[in-house]
Structure formats: C-alpha cells, structure tokens
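This report refers to the structure that appears directly beneath it.
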Amino acid sequence: MRRATTILNRRVFVVLASLAALGTLYLGASRAFAQNIAQPVTLTILGISGWTPSELAGKMAPEFQDYAKQTGGLSVRIKFEGAPFSALEQKAATSLAAHSKEYDIIISDSQWLGALSTPGWIVKLNDIIQREPLLRRAEASFNTITRWAYQTYPYGSDNLWGLPQEGDVLALYVRNDLARDAKNQAAFKDKYGWKLPTSFEEWEQVTWPKFEQIISFFNRPDQGLYGFAGEYSKTYDFISDHVMSMMWMWGGEIWDSKTHQVYGILNSPQNNAALEYYIALLKYQPPGANTFDINGVIQSLTQGKAFSGLTWAAVGPAILTPEMKDKIIVVPPPGRIVNGKMVRIYCVGGQPWVINKFIDRQHMNAALEFLKWWYLPETQMRFARLGGNPVAQYVLDRPGFEQIQPWYREYRYMLVTERARDFWHNPTYASLLEVQQEAWTAYATGVVNSAKVANDYAACGQQKILYDAGFARQAPPSSCEEVRLR
Amino acid sequence: MATILLRRRHQASQPGKTPAPVDRLRAPARSGRSMPQPLFTWLLIAPSLALFAVFNILPLLWLVGLSFFRYNLTFGTPPRFAGLKNYIDLMNDRFLWGRLGLTLLFVLLAVGIETVLGALLGYAFWKKRDLPGRRLALTLLFVPMVLAPVAVGTFFKIIYDPMYGVLPYYAARLFHIKALDLLGSGNLAFPAVLAVDVWMWTPFLIMMTVAALGAVPKALLESAEVDRLTTWQRMRYVVWPHAKFVLMLGVVLRTIDAFKTFDLVSAMTAGGPGNQTQLVSLTIFREAFNDFAIGKASALSLLVLFIAVSLASIYLFVLNYGVLREGK
Amino acid sequence: MTGRRRITSALASLGLWAVCAAFFMPVFWIFLAAFKTRAQTLTIPPVWVFRPSLEGLRFMVERQAGAFWQYLLNSVMISALAVTIAVFVAYLAAFSLSRFKPAATDFMMFLLLSIRMVPGAAVVLPLFMMYRSLGWIGSRLAIVLFYAMFSLPFSLWILKGFLDGVSRRFDEAAMVDGASRFHVMFRVVLPQVKPGVVAALIFNMIFVWNEFLFDFILGGERVATIPVALAAGLYTSQGTDWQYIASLTLVYTAPLMVAMFFVQRHLLLGMTFGTVRGEV
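Chains as they are written, first to last, in the working numbering: chain A, 527 to 1012; chain B, 94 to 421; chain C, 19 to 298.
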C-alpha cells in the first residue's frame, strides 16, 4: 500500500482505488447475487420494446405467474426483454445462431419463420399443439390467413412453427369530423354527385377511383391540409406493404410460391400500373411523404395535416389521441372492382412468437404453460381490453368484441383470408425485401422515373437471390445485366 | 496548472535543461534491478498485446477464414468451402464498385470540407485568444461530435422534414423558396447526409487545428513578428512545419472514421432513397445481420479494410511518420 | 486607431460566437425537445418560447420500471472502467515503446491504428461467436475488456507522442538518485504527460459512451447502455418518441459537455499528441 502511495499521486491513487473497488463490485456483484437466491424457473421473452401489444406480454406476466402457481403449483418468473424493432431480428438471430438459451420465447415477424426454422433454431409446434387441448382449440379457431401468416412455412405445407402473438392489418384512418361537416358534404355532392362517406358501411363501398376523388377534395395545401398519408420509407418493409397490397388488388402476384419464380411475375404490366398508381398518390400527400414511415403517417394524422392515412391497426392508440379520438374513425381501406365484384386485399401484419429449440425441458414446460394460458379466452379478452390484437376466432366472434377498441371492427373485417395476405417467409426474405425496397423508394423519390425499370430491377435482383440460394430454377435473364437504377 | 510532484516545482521543465534531482527524502530506496531490461520492455507491452490479440486478431483471423466459405446462417446448411468464390462474386458485383465509389466520394468530400472549414475556423479561434468566454464558446462548438450518431441521425430526420422541420422552414423564409424536400429527393439526399457529417465533425478538425497551431513555438512567432514577415511567409516557414503533424494526424483519424460511418446514415435514410446513400458499411451490415450471409460479409469487410489500410498508409507516408519517431 | 481596432476585435468576437452558436443550434433544438410535448416539437412555425415541462424527463426515468438508472449505471461503469484500463495498459506499453524502442515499434503502432479501420458490423459477428463459446455474452467484464481494447489505439498514440517529448534525462537522473523503474514511470514521467492522459481518457470516453452495436449484440440486459435504450425509442407503437430520445440525449451529453468545459485546456494540449509542451 505504502509503495503504491509513493508511486502515485495521493489524489490519483484515491480515485483509482475507489474506481477499482466500485469496479469489482459492479463486475462481480450480480453474478454472486444471482447464485445465492433460489430462483423459480425464469421464462425469458424477447419482444419489441416500445410496441404495446408486444410489451403486454410482459405487463400481463404477473397474472400468468399467479395462474401458474394456482393451477399447477408451477413457480415461474417472467422476464420480458425488449429490443428495438429495427434491431430485433439481429438480436434474435445472433442469439439463436449461437444456440443460446438466453431467450425462451421470441416474438418475431411473420417473415422470419423460414429464416428461423430452416436452420433448426425453433421448435416445430404441430405435435405440441395436438397434444394440448387448450392449444388445439386455439389452433382450430385460427382462420386460413392467420395460420399462413403467423405459423406456416413453407407456404402450403402443414408445418406450424409459431403461434400468433398479436394480429395486425392495414387500416384507413379518416377524419370523420371533416367528412361530416355540412359544408364539405354539400360541396362534395355538388362536385362529384355522390355522398361523402361518413360511416363504416359507406366506406366499405369505396373503391380507389372514388377514394381519389375524396382525397383530392380534401387536399388543400394552402390551408395546411392534405388528402392522404401513406408509407413510402425504405426502412424495413414500409413501402413494400403498401405497394404489394396495391399489386394484389390490381391483379398481380409477387412471385410463384411453388417454383420461386419472380421474374415475369413481379414485373408484370399490372404490377407496374399498381406501382405507378401508388406513387402518383403522392400528389395528395404532405411534403416529405415520399419518405414516410409509420411515424410519418401517425404524425400527419395527429397533427391534423392529413384527412386520411393508411397504416396499421396496431398503432391505433397512437393515432387516436385524446384530441383525435372523437374525430377519427377507422374504416376499411379502398378496394377495387374486378369483374363486377369488390376486391379488397391488403398486407397482413402482426407478430408470431416462436419457441427456442435449445432450451431445457423445464423451460420448455414453462413456455408451454405460458402459451396455454395466453390463449385462454379470458386472457385474450384481457389482452384486447389493454389494446392488444388477439386473433383467436372465439374472441373475435364474441359479441361486444368490436366495441372494445375503436379499430376492432375494421380489424375483424380485414383479418380474413379474402382480404389479407402475407408475403414470403422464405429464409432469403431479408435480401428479397431489401432489393424491392431499394427499387420502389427509388421510383418514389425520382431516382428512377419509370415504374417498369423499378420493377425490373426488383425482379432481376430477387430472381438472382432465389436462384443463387437454390430455390429458383431459372437464372435471371441476360437482359437483367442492363437494368440499373441510376 | 502543472501539478508535477517534483519538489523543485518551479524549475523550468523544458527539454534540454538539466532536471532537478529527485528529492532524496521522497524517493524510496531502490530495491535492486529486479529484472532484465528486455523482459521488462515486453512485460509492459504484454497487456496491450494480449487485449489486442484476443479481441482483435482472433476475430480478424476468423473473418479471414470465413471469407473463404459459403455460409449463410439461416439456410441451415453447414459452411461450405468455396475458395475465392466470395471474392470473385464481389468483383463481378456490378453495383459494388458504385457503392465503393459512393463511399469514397463521401469520405473525400466529408473530410475535405471538414478539414478546410476546420482549418479556417481553427485558425480564427487560435488567433483570437482573448475571445470573451472562450472556454464556453469552444465547449458549445465541440458538442456536435459528442452526440450519439443514432440520435443525430434520427433528429435530423425531423429537422430536415419539409413539413415539421426547422431547416426547410427557415431556408424557405430566407431564400424565398418552397420548403425543400431533402431526404426524399433523389438528388439532395446525399448532400444532405454529407452536410450532417460535416456539421458533426468539423469541430473535431477545429480542435485539431487549434491544437496544431499551439504546437508552434511562441518564440518563433514572436521573432516572425519582429522580422515583419508577411502572413504568407509566416504560414509557410513558421507555422506549417510545426503544425502539420497534428493536423495531418487529425485528417487521418477522421478519414478512418468516415469510412466506417454507419449509424448516422442508417438512422437518417437507411441507405435510401433507392441507393443514393448506400455506403459500403451499410451493405456490410445488411449482409451480416439481415441476410446473414456471413461468408460474403466477411469477404467484403476484408476488402474494405484493405482499402482503408491502403489509404491510411498513403496518408502516413505523406505525413512523414519519421518525424514522430525522432521525437520533438 | 484603438477605437477601430476595438471595433474589429468586437466584430471578430461576434463572428466567432456566431459560428459557435450555429454549430450548437441543432443540439439546442434537440435539447429543447426534451422539454416539449410531441405536438410542440412538431409545430411549424418552430416553437422557441414555450412552457417547459419536466414530464419527458420524468417519464424517461420511470419507463420500464426505472430501467433508466440501470442503463446509466452500465454506461458510466463500463465507460469508466474500460477507458481507465485502456489508458493504464496503454501507458505501460507507450512507455516501453518510447523508452526502450523494441524492434517492430513502428509496425506495432501502425497495426494498432489499423484496428480502428475495421468496420464494426464485420467484427461483431465472429466476436459474438467467440463470446458465446466462452460464455461471455452479457458478462460485464467481457464487455469492459472489449471496450478497453477498443480504446487502446488512440490512447497509445497520444501517450507515446507525449512520452517521446519527455527527455530521457529525467529518467536517468531519477535512476541515478535511486528510484525504481515504477517510480520513474509513475512519479517522474507520468505527471509530465498529464494532458495526454486527459485527452486519451476523455476522447475514448466519448467513443465508448456513444457506442451501440457491440453492446447491443455482445451484451444482454445486464450490460445494456443508454444508446441501446435510445434505439428503443425509434419505432414504438406511438411512433417515434421524440421526447424520449431528446431526454436521453440531453442527460447523456450533459456530463460530457461539463467534462469538456472543465478540462478543456488539458484536452487541447492533449490533442497535440505531444508536439507541444506549453500553452495552447
């Protein structure tokens, strides 16, 4: 000690010594502490931080803990760990890739089912679901789109890899206060000859051409009001969700799920037209809309800048703020008349949760108990009342369900197989997504001026990815060599 | 300021002057040469080398190894040896060179503008020693480089926003134009992102310049005054030889970091719109963490590392590294 | 004559202050957002005068059951420990390289600089695999050591630069008087390179403080730092939580600002990398 104090300045020595002491405490503390306490089984759920339906899994945990104790004498503690949405996949995949036991249940995105199941990181749930009556009942109550979106990979197979944690659909949020206004009603009727819709049923009849009339009517830049707000951002899948919805409604497809062929399908004339149409809508949107993400749409609505906005039902709470909730209604987005029938197809959202394959039996049991509890009607109803979006039919069909949250009527309306679709769960989905995000945002911002070129670029890129990965049989055609964005 | 603990504190501590003997009362008795010098030499270096070896060399070797394999984490197949295929694919990737070119352009423009601006402003600050509240002024000036890039990127999204943004609002008022759409414009996105980087890091170059100029011995400056040298002569013969080392070191450091710019751009534009701000670091991240194509990502990283090292080598060569070695 | 000089001097001061203000303005805007409601942040024309609210800060602290304090503790402890270890280890090595000039000194210096050139995303994955096999994921010590390595190059370069400028005669004189090697290192030479030490500490603190990727991937909840927490505010179901991000940024940047204010002279001196021994 003395030697040390002679070597170093006393002041410095005190600082260093305290740092060393604190450091040792900090570094060593929690380990020792953890070992000394007899822990019940800790179930760790990895979810999206800041996303209400996801966090509800953690918030509702105490109820599960009580339930588990009472019904099975099981002592379980739930730990919810949140990762930011943009980085959730990184966290989940790196953890699973290392065969880590860190997370028992992981809330993922529906696109990742292929990526997580192919390397054998998650548990196949078919047998488990069959074995457990509660889960069997829940499974039976899922409709086709739910099953495809949140559980199945590959498309068309029977493999079930996940269970739906929360469902989500695209919804149209409309300023009904403006629509109801007598002056607007009269002026609109005058101009276009039909009644400006003000109710859910009336909105059900609205097609895109009619919708264009509405948003152009309300597009009043000099008054600081714009007609519409949609998503156009390059981040994640924001522009894709909207554009693919349009493509489906325009009669196109994004790929052939059996042959994994993309070229010729994604860049079809109908899809080009759909893309053009969606980008052309920018003229009714606030400046900066060509980079709007979910937040952009939310802000446009809450700040009173847009008459309508197309985004997810799950962000209902963010849009229906105290100031806005009496002004905005949630209605089905516009459809299209195809062969005399109303066609309405939009991207489905939401998250499944999957079980880590590498956890031990004890944790597996705890996870199962948790999931069984989760799909109990009482739990699902509670989830609904707190703002989550359940998918079990026995909850959706309950009388009074649609009144629980303002968006539930639209949510229930859209979460059916004719109206909701999901896109690829293929393990290469991230690369596929990146290419089309790049292409479509390029077109939306004028980097490239032709929808055809944008779609060709996307199709070429995706075909190459699928071909290189061994999914597609055909290589991209040689004309792809010439395609570039700029 | 100096808290040197030698008893004879007021002795001038300049190189060349004989230092005062250490006070006998304070120096503990020498315990005899405990170990030979070479061993001592390497013992001192050992901890650094150990840290370096474990946390840097090992992963790098792994990276090199992985770059010769086809390995995608999510395909479920074990890594397949592929020789140079990853590198060949890189060479054939017709978009890669564009990305590298874009990155290089970014680095050159960013560092160039930051250096010029930084040098000019640094000179101004150095000249004006009696600036009232100098410490506070400089602190405020240096804050941009202290912020987390993620936060900066996110906030500039709103600062640049044509609807809610402060910048387009005032620009519209000042220049009588419509509110600019910066991040959503195919042409303006890159300059807009560049501008944020310049804003963040020019203070760094200012700091380096002020420090560099401080390296010029006062005596020489005074004699230059006395000799009535022109500003240009003063710059060339007095200031530059002494300031150049620090300044160039700042440029090297900044260049290296500019190559790695990731958080800022990712938060602001995610590489968009289209591919206008797709710097190579974003591509690497995407390949490693979105596509999980580890083999390809490793190969690309090594390529980028090679380019960065070459660039730095050139700089250091120009910097005349030997100057440092001689000691000053 | 003096009058005119005073005017130009005043103008120069004004000009320089304007520059500082211009650079600080966006930061100021971000800081303001911590005290505004969401609506106020988004209002156009921009709101400069408003009634500040502490709600944002309060909410930040209470969010996720007070996890804020854990993040702050992690940030502070990890940065402080990592940087201190780095500077200490670097000082030893720099002393050796400067005094004893072993073979391959130049090569080692350059090699260390090249550490900084590796893109983070590339290194983090093999590091993750390595950490995983050693059971180091989420380990505080492992993260601290990583960040120590991260801070090595800069520290070494600065300290060596300064050490080269301290005449060997000090060492020799001290040795002649009977000082041990350690006494020479820490009692005789170290005080003379204090600015270098300060610069190395502060600069590396800044980098580690703001680092996101490695802590996020290699860490777990126990080592989560504030940048990781900040990323959570980017996409929430409420949209982007400007208030939260701004509050975190404010709280996070303030200590660094204070540090830069108080040790500025040392910092500026330190950034000369040892080529000057006087005032800056």
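Where a beta carbon is used, it is the ideal one built from N, C-alpha and C, also for glycine.
Taking its Cβ as the centre, do 16 or more other Cβ atoms sit within 10 Å of residue i, making it buried, or is it exposed?
| i | result |
| --- | --- |
| MET184/B | exposed |
| GLY822/A | buried |
| GLY205/B | exposed |
| VAL864/A | exposed |
| VAL345/B | buried |
| LEU177/B | exposed |
| PHE174/B | exposed |
| THR785/A | exposed |
| PRO209/C | buried |
| HIS269/B | exposed |
| ALA868/A | The identity of residue 868/A in the sequence shown is Met, whereas the question assumes Ala. Burial call: exposed. |
| ALA558/A | Caution applies to ALA558/A, whose pLDDT of 47 falls short of 50 and renders its modelled position unreliable; the model cannot decide the point. |
Note down the Cα distance separating residue i from residue j, rounded to an integer number of angstroms.
| i | j | result |
| --- | --- | --- |
| ASN981/A | PHE106/C | 57 Å |
| LYS715/A | LYS721/A | 6 Å |
| TYR262/B | LEU281/B | 16 Å |
| PHE200/C | PHE884/A | 51 Å |
| ALA363/B | PRO137/C | 17 Å |
| ALA956/A | ASP384/B | 6 Å |
| SER359/B | LEU154/B | 28 Å |
| TRP47/C | SER151/C | 45 Å |
| PHE283/B | THR196/B | 11 Å |
| ILE765/A | TYR408/B | 43 Å |
| VAL215/C | ALA111/C | 14 Å |
| ASN710/A | LEU704/A | 7 Å |
| ILE671/A | ASP767/A | 16 Å |
| TRP776/A | ALA800/A | 6 Å |
| TYR983/A | GLY914/A | 38 Å |
What residue from the options has the CA that sits closest to residue i's CA?
| i | options | result |
| --- | --- | --- |
| GLY258/B | VAL286/B, HIS269/B and LEU275/B | LEU275/B |
| MET773/A | TRP687/A, ARG999/A, GLY861/A and ALA705/A | GLY861/A |
| PRO859/A | GLY835/A, ALA840/A, GLN877/A and GLY987/A | GLY835/A |
| PHE308/B | MET293/B, ALA336/B and GLN326/B | In the sequence as presented, Phe is not what sits at residue 308/B; that position holds Ala. The shortest C-alpha separation from ALA308/B is found at ALA336/B. |
| MET256/B | LEU60/C, ILE25/C, PHE46/C and ALA28/C | LEU60/C |
| MET78/C | MET289/C, ILE263/C, VAL281/C and LEU286/C | ILE263/C |
| ARG908/A | LEU542/A, ALA546/A, GLU589/A and SER544/A | GLU589/A |
| GLN731/A | GLN1000/A, ALA547/A and ARG870/A | ARG870/A |
| MET127/C | ARG158/C, GLY156/C, LEU177/C and ILE161/C | LEU177/C |
| ALA250/C | ALA613/A, SER683/A, ASP763/A and TRP687/A | ALA613/A |
| ARG76/C | TRP87/C, PHE113/C and VAL142/C | TRP87/C |
According to DSSP, is residue i helix, strand or coil?
| i | result |
| --- | --- |
| ASN891/A | helix |
| THR170/B | coil |
| TYR253/C | coil |
| ASN165/B | strand |
| ASP837/A | One detail in the question is off: residue 837/A reads as Thr in this sequence, not Asp. Looking at THR837/A - three-state DSSP - the assignment turns out to be strand. |
| GLN691/A | strand |
| LEU614/A | helix |
| GLY875/A | strand |
| ASP703/A | helix |
| MET95/C | helix |
| ASP782/A | strand |
| MET868/A | strand |
| GLU849/A | coil |
| GLY420/B | Reliability fails at GLY420/B, whose pLDDT of 43 lies under 50, so the model's placement of it is uncertain and the value that follows must be treated cautiously. Coil, per DSSP. |
| ARG69/C | coil |
| ASN816/A | helix |
| ALA946/A | strand |
Kindly identify the DSSP beta-bridge partner or partners of residue i.
| i | result |
| --- | --- |
| MET147/C | DSSP, once it has assigned bridges, lists no residue as partnering MET147/C. |
| GLN906/A | Beta-bridge pairing links GLN906/A to no other residue. |
| LEU569/A | ILE604/A |
| PHE754/A | SER834/A |
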